[in-house]
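This report concerns only the one structure given below.
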Amino acid sequence: MLDRLDQQSPDALLALIKLHNADPREDKIDLGVGVYKTADGATPVFRAIKDAEQRLVDRQQSKSYLGPEGDMAFVRALEPHVFGTALPSGGRIDGMQTPGGTGAVRLAFGLAKKAGITRVFMGVPSWPNHAQILDDLGLEAVPFDHATSDGTADMAALRQVLANAGEGDALLLHGCCHNPTGVDYTPVQWDAIASLLADSAMLPVIDLAYQGLGDGMDEDAYGLRTVSAAVPELLVAYSCDKNFGLYRDRVGAFWVQSAIADTTVRAISNAAALARANWSMPPDHGGAAVRMVLEDEALTASWLAELASMRERIGEVRARLAAAGHAGGVDLAPLGRQKGMFAMLPVSAAQVQTLRDAHGVYMAGSGRINVAGLTMTNVDRFVAALDAVTG
Ligand code: PMP
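Residue numbers (UniProt numbering): 1 to 391.
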């Protein structure tokens with residue numbers, strides 16, 4: 001029976017980690033996998049999370065089961081940071097904890113399918129797992145161009161989608177720090193998207209996986225909050241894995257917004273049933289640590305300060321790249337306007353290979369770089385390598 005299975009290719013980015021680790025060159029540069037790195041190349045545990053974990057060890061009385069919704073105090077503590085003061089009242093929104101943003105995306109699409117959605121429109125390129133999850137669920141992914149060649153959002157393509165799609169269609173939007181392009185909507189563009197969505201029967205799904213790593217916690221939630229205020233129904237997939245540095249602890253949340261509380265109660269009961277069938281309940285530890293940070297003013301301040309320093313470092317690297325102007329055939333100027341950890345460079349697979357072999361620069365075959373892999377000490381060497389390979 002099992003010999004009927006086809007071999008699946010390994011995750012390309014995870015394979016790249018192994019290649020990078022095996023490379024003895026001391027000045028190698030890792031721009032592959034999407035984790036934040038300090039100027040020393042480390043991905044440390046946040047100080048606030050370390051403190052919260054210590055308190056958890058000291059105070060946690062039991063590890064007995066929660067339910068498929070996980071730790072609801074974690075979800076409630078997160079809500080003001082995500083939705084701000086605009087959180088719709090009257091029970092129109094409810095949420096649950098999920099295993100990472102991936103679990104939340106899975107629940108969003110699974111619930112959308114149960115509600116009758118058959119097609120999901122998504123700007124491409126996107127995080128590869130979006131398409132994989134849709135494929136696994138038997139939903140049709142309908143691609144459109146996310147960005148134009150000048151490195152800004154392709155609003156014409158999005159407007160066309162919104163004009164032509166309707167009932168039974170969902171629209172997937174990245175809330176901020178678009179992965180892989182770094183091309184975000186401006187507040188003015190979000191205003192336009194929200195009003196177009198208000199006039200459309202499409203179901204919006206917002207994936208917010210990098211809040212706080214673009215322009216700030218409130219700024220990065222502008223799109224989500226604006227759409228939430230404009231439309232009756234919305235699904236939100238959220239990750240705490242980047243902005244709390246919890247990656248392997250798998251911390252995420254999922255929210256449903258409906259027109260009336262009664263619909264939200266039913267929707268959440270369906271999401272809980274899907275969670276039960278998929279993973280039963282989310283892992284507790286990371287979510288509990290986030291809850292302890294958010295319930296303590298001093299820990300919250302420490303978390304926000306550390307997040308701000310990460311955001312500033314990413315901004316500095318972006319500014320330095322943009323100031324370099326052109327590196328060979330690559331225009332780096334748009335990187336200064338783009339947000340978050342990722343950017344797409346117009347390089348061929350062969351050039352990516354040469355960057356790796358001849359210069360020790362490790363990046364995804366697609367041309368995506370993790371800007372956080374660069375530092376003030378290696379950024380000039382990276383630009384020189386890019387110049388040499390694409391010039
Ligand atoms: N959405 C996007 C756009 C992402 O880039 C990622 C992570 N790479 C996720 C969701 C999932 O994040 P997590 O690691 O929390 O599952």
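Where a beta carbon is used, it is the ideal one built from N, C-alpha and C, also for glycine.
Do the CB positions of residue 28 and residue 247 come within less than 8 Å of each other? To locate residue 28, count along the sequence shown from 1; it is residue 28. To locate residue 247, count along the sequence shown from 1; it is residue 247. No. Outside cutoff.
Tell whether a beta-carbon distance below 8 Å holds between residue 33 and residue 370. In the sequence shown, residue 33 corresponds to position 33, counting from 1. In the sequence shown, residue 370 corresponds to position 370, counting from 1. Going by C-beta atoms, residue 33 is nearer than 8 Å to residue 370.
For residue 92, which of 259, 334 and 364 has the nearest alpha-carbon? Taking the first residue of the sequence shown as position 1, residue 92 is located at position 92. Residue 259 is the option with its Cα nearest to residue 92.
Please name the residue in 358, 353 and 376 whose C-alpha comes closest to that of residue 320. As a position in the sequence shown, residue 320 is number 320, starting the count at 1. Answer by Cα proximity: 376.
Taking only the alpha-carbon atoms, compute the straight-line gap between residue 235 and residue 211 and give it to the nearest angstrom. Within the sequence shown, the letter at position 235 stands for residue 235. Within the sequence shown, the letter at position 211 stands for residue 211. Residue 235 and residue 211: Cα-Cα distance of roughly 16 Å.
Compute every distance between the C-beta of residue 270 and the non-hydrogen atoms of the ligand PMP, then say whether any falls below 7 Å. As a working mapping, residue 270 is identified with position 270 in the sequence shown. Because no heavy atom of the ligand PMP lies under 7 Å away, the Cβ of residue 270 does not count as near it: no.
Based on DSSP bridge pairs, tell me the residues matched to residue 254. Counting from one through the sequence shown, the residue named residue 254 turns up at place 254. According to DSSP, residue 254 bridges with 96 and 237.
Hey, is residue 285 close to the ligand PMP, as in C-beta under 7 Å from one of its heavy atoms? For the purposes of this step, residue 285 is taken as residue 285 along the sequence shown, with counting starting at 1. No, the Cβ of residue 285 stays beyond 7 Å of every heavy atom of the ligand PMP.
Beta-ladder partner(s) of residue 362, from DSSP: The count along the sequence shown starts at 1 and reaches residue 362 at position 362. Note: residue 362 sits in a beta bridge opposite 30.
Within 10 angstroms of the Cβ of residue 106, are there 16 or more other Cβ atoms? Answer buried if so, exposed if not. Working through the sequence shown from its first residue, we reach residue 106 at position 106. When all chains shown are included, residue 106 counts as buried.
Beta-ladder partner(s) of residue 330, from DSSP: Sequence index remark: in the sequence shown, residue 330 carries index 330 (1-based). Answer by DSSP bridge pairing, in chain order: 327.
Is the beta carbon of residue 52 less than 8 Å from the beta carbon of residue 292? Within the sequence shown, numbered from 1, the residue matching residue 52 stands at position 52. Within the sequence shown, numbered from 1, the residue matching residue 292 stands at position 292. Yes, Cβ-Cβ distance for residue 52 and residue 292 is below 8 Å.
Please list, in chain order, all residues of the same chain as residue 215 whose beta carbon is under 7 Å from its beta carbon, the five residues on each side excluded. Mapped onto the sequence shown, residue 215 falls at position 215. Taken in chain order, the residues that qualify are 339.
Count the other CB atoms within 10 Å of the CB of residue 136; is the residue buried (16 or more) or exposed (fewer)? For the purposes of this step, residue 136 is identified with residue 136 of the sequence shown, where counting begins at 1. By the 10 Å Cβ count, residue 136 comes out exposed.
What is the DSSP secondary structure of residue 343, counted as helix, strand or coil? Position 343 of the sequence shown holds residue 343. Reduced to three states, the DSSP call for residue 343 is strand.
Is residue 370 helix, strand or coil by DSSP? Counting from 1 along the sequence shown, the entry for residue 370 is found at position 370. DSSP places residue 370 in strand when its eight states are reduced to three.
Under 8 Å, with one C-beta from each stretch per pair, do the stretch 295 to 308 and the stretch 147 to 156 reach the 3-pair mark? no
Can you grab the Cα-Cα spacing for the pair residue 168 / residue 110, in whole Å? What you label residue 168 is simply residue 168 of the sequence shown in a count that begins at 1. What you label residue 110 is simply residue 110 of the sequence shown in a count that begins at 1. About 14 Å.
Tell me whether residue 209, by its Cβ, gets closer than 7 Å to a heavy atom of the ligand PMP. Translated into the one-based positions of the sequence shown, residue 209 becomes position 209. True, at least one ligand heavy atom lies under 7 Å from that Cβ.
With a CB to CB cut of under 6 Å and the five nearest residues on each side skipped, what residues in its chain are close to residue 200? What you label residue 200 is simply residue 200 of the sequence shown in a count that begins at 1. Cβ neighbours of residue 200 beyond the five flanking positions: 162.
Relative to the C-alpha of residue 322, which residue among 313, 333, 329 and 59 is closest? For the purposes of this step, residue 322 is taken as residue 322 along the sequence shown, with counting starting at 1. Of the candidates 313, 333, 329 and 59, the one whose C-alpha sits nearest the C-alpha of residue 322 is 333.
Along the chain, where does the beta strand (DSSP E) containing residue 205 start, and where does it finish? Taking the first residue of the sequence shown as 1, we reach residue 205 at position 205. Start and end: 203 to 208.
Whose C-beta lies closer than 8 Å to the C-beta of residue 316 among residues of the same chain, with five residues either side of it excluded? Here residue 316 refers to the residue found at position 316 when the sequence shown is read from its first residue. Cβ neighbours of residue 316 beyond the five flanking positions: 376.
Residues that residue 144 bridges to, as DSSP identifies them: Taking the first residue of the sequence shown as 1, we reach residue 144 at position 144. DSSP lists 123 as partners of residue 144.
Contact the stretch 182 to 193 vs the stretch 351 to 360: 3+ CB pairs below 8 Å: no
Proximity of residue 287 and residue 94 at Cβ, strictly below 8 Å: By one-based count along the sequence shown, residue 287 stands at place 287. By one-based count along the sequence shown, residue 94 stands at place 94. Contact flag unset, no.
For residue 374 versus residue 330, is the C-beta spacing smaller than 8 Å? Translated into the one-based positions of the sequence shown, residue 374 becomes position 374. Translated into the one-based positions of the sequence shown, residue 330 becomes position 330. No, the Cβ-Cβ distance between residue 374 and residue 330 is not below 8 Å.
Taking 6 Å as the limit between beta carbons, can you name the residues of its chain near residue 166, skipping five residues before and five after? Indexing the sequence shown from 1 puts residue 166 at position 166. Closer than 6 Å at Cβ, skipping near neighbours: 201.
Residue 194, DSSP secondary structure in three states: Along the sequence shown, one-based indexing puts residue 194 at 194. The answer is helix: DSSP assigns residue 194 an H, G or I state.
Going by beta carbon distance, what residues of the same chain come within less than 7 Å of residue 225, once the five residues before and after it are set aside? In the sequence shown, residue 225 corresponds to position 225, counting from 1. Cβ neighbours of residue 225 beyond the five flanking positions: 83, 84 and 86.
If you follow the beta strand (DSSP E) that residue 169 is part of, which residue opens it and which one closes it? If you number the sequence shown from 1, residue 169 lands on position 169. 169 to 174 is the extent of the beta strand (DSSP E) around residue 169.
Reducing DSSP to helix, strand and coil, say where residue 153 ends up. Indexing the sequence shown from 1 puts residue 153 at position 153. Residue 153 falls in the strand class under three-state DSSP.
Taking the alpha-carbon positions, what's the residue 14 to residue 284 distance? Counting from 1 along the sequence shown, the entry for residue 14 is found at position 14. Counting from 1 along the sequence shown, the entry for residue 284 is found at position 284. C-alpha separation (whole angstroms): 25 Å.
Here's the rule I'm using: 16 or more other beta-carbon atoms within 10 Å means buried, otherwise exposed. How should residue 118 be labelled? Numbered from its first residue, the sequence shown carries residue 118 at position 118. Result: exposed.
Three-state class that DSSP yields for residue 270 in the structure shown: By one-based count along the sequence shown, residue 270 stands at place 270. Helix.
Whole-angstrom Cβ separation of residue 37 and residue 372, contact assumed at under 8 Å? Taking the first residue of the sequence shown as position 1, residue 37 is located at position 37. Taking the first residue of the sequence shown as position 1, residue 372 is located at position 372. Indeed, because the Cβ distance is near 5 Å, the residues count as touching under 8 Å.
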